Amino acid sequence: MTVFAYSGRDQNGDAINGALDAANAKAAAHQLLAGGIHPISIKAKKTEVDEEGISFSFGRK
Numbered sequence: 031m032t033v034f035a036y037s038g039r040d041q042n043g044d045a046i047n048g049a050l051d052a053a054n055a056k057a058a059a060h061q062l063l064a065g066g067i068h069p070i071s072i073k074a075k076k077t078e079v080d081e082e083g084i085s086f087s088f089g090r091k
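Right, dumping it as structure tokens:
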């Protein structure tokens with residue numbers, strides 16, 4: 031699963047920001063709507079692994 035950062039509005043119109051795990055952005059939107067949040071923006075967050083990268087050199091330089 032991927033972590034998605036979102037911003038949206040609740041049923042009272044108040045701004046809501048957060049993050050959730052979902053298979054894709056469409057699934058994240060469905061989760062938010064089911065929770066009473068109207069999504070405005072949904073973006074995949076980079077994980078620590080994405081930022082640092084992974085070396086596959088297996089000791090070779």
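The number in my numbering is simply the position in the sequence shown, starting from 1, with 30 added. C-beta: ideal position from N, C-alpha, C; glycine also. All values reported here derive from a predicted model rather than from experimental measurement.
Collapsing the DSSP output to three states places K75 in coil. Of the residues assessed, L63 falls on the exposed side of the cut-off, its CB having fewer than 16 other CB atoms within 10 angstroms.
Shown here for I72: same chain residues with a beta carbon closer than 7 Å to its own, the five before and five after excluded, namely F34, Y36, A55, A58 and A59 in chain order.
DSSP, read as helix, strand or coil, puts A57 in helix.
Restricting attention to A53, G48 and K76, the CA atom closest to the CA of I70 is found in G48.
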